[in-house]
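In this note's numbering, the protein residues as written are 120 to 272.
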Amino acid sequence: MRTVTEDDRDFIARVDAGTREEEFAGPGWSPRRLAEFLKMQAVFQRRAWELRFPGALQFIIEDDFEKVGRMITAEYDDRLVLIDIAILPAHRGRGIGSLLIGDLIERAVETRKKVALQVSKNNLRAVGLYRKLGFAVERETESDYSMTYSAER
Numbered sequence: 120m121r122t123v124t125e126d127d128r129d130f131i132a133r134v135d136a137g138t139r140e141e142e143f144a145g146p147g148w149s150p151r152r153l154a155e156f157l158k159m160q161a162v163f164q165r166r167a168w169e170l171r172f173p174g175a176l177q178f179i180i181e182d183d184f185e186k187v188g189r190m191i192t193a194e195y196d197d198r199l200v201l202i203d204i205a206i207l208p209a210h211r212g213r214g215i216g217s218l219l220i221g222d223l224i225e226r227a228v229e230t231r232k233k234v235a236l237q238v239s240k241n242n243l244r245a246v247g248l249y250r251k252l253g254f255a256v257e258r259e260t261e262s263d264y265s266m267t268y269s270a271e272r
């Protein structure tokens, strides 16, 4: 994993599209309109993260020197926040996300902090992964879970 650089802009756009494409693909969307919509969604999402988590760190996830995803985290006095982790569809299911989240948990345990995240209830794969790794639902809205990992549980 390495810090994002300016050269990663196109790759990040590909990751953003790859994580949302399935959600919005379907009748009524031409490929061009879908691409434009996903690009706009990614811009709004990034702005929201920047406002909510100033100072967040963005990383490129690599597997054998190939870019396969992106991870965004923030660190505070009492917690680490997994803002986003996104793996390209062709590289999912290989344990990459589990390994990286496990590293984040390890760092949290060493520093006596919690790990917090928010996930869409519709993202069943991610919800299952987080539960398997020891996260518990702390709060819930109509659309999302706020989950935490705490070694003190």
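All C-beta atoms in this analysis are idealised placements derived from N, C-alpha and C, irrespective of residue type, glycine included.
Hey, residue i and residue j: beta-carbon distance below 8 Å or not?
| i | j | result |
| --- | --- | --- |
| residue 172 | residue 202 | yes |
| residue 134 | residue 177 | no |
| residue 212 | residue 204 | no |
With residue i as the anchor, note down where its alpha helix (DSSP H) starts and where it stops.
| i | result |
| --- | --- |
| residue 262 | Per DSSP, residue 262 belongs to no alpha helix (DSSP H) and is neither H nor E. |
| residue 222 | 215 to 229 |
| residue 189 | It is not in any alpha helix (DSSP H) - residue 189 instead sits in the beta strand (DSSP E) that spans 185 to 194. |
| residue 154 | 150 to 171 |
Please classify residue i as buried or exposed, where buried requires at least 16 neighbouring CB atoms within 10 angstroms.
| i | result |
| --- | --- |
| residue 240 | exposed |
| residue 192 | buried |
| residue 159 | exposed |
| residue 162 | exposed |
Using a Cβ-Cβ cutoff of less than 8 Å, which residues in the same chain neighbour residue i once the five nearest sequence positions on both sides are dropped?
| i | result |
| --- | --- |
| residue 233 | 197, 198, 199, 227, 267, 268, 269 |
What residue range is occupied by the uninterrupted beta strand (DSSP E) comprising residue i?
| i | result |
| --- | --- |
| residue 243 | No beta strand (DSSP E) contains residue 243, which is instead part of the alpha helix (DSSP H) from 243 to 251. |
| residue 233 | 233 to 239 |
Could you name the residues of the same chain whose beta carbon sits closer than 6 Å to that of residue i, not counting the 5 residues immediately before and after it, in chain order?
| i | result |
| --- | --- |
| residue 249 | 266 |
In the DSSP output, which residue or residues are listed as bridge partners for residue i?
| i | result |
| --- | --- |
| residue 182 | 185 |
By Cβ distance below 7 Å, which residues in the same chain neighbour residue i in space, the five residues on each side in sequence not counted?
| i | result |
| --- | --- |
| residue 149 | none |
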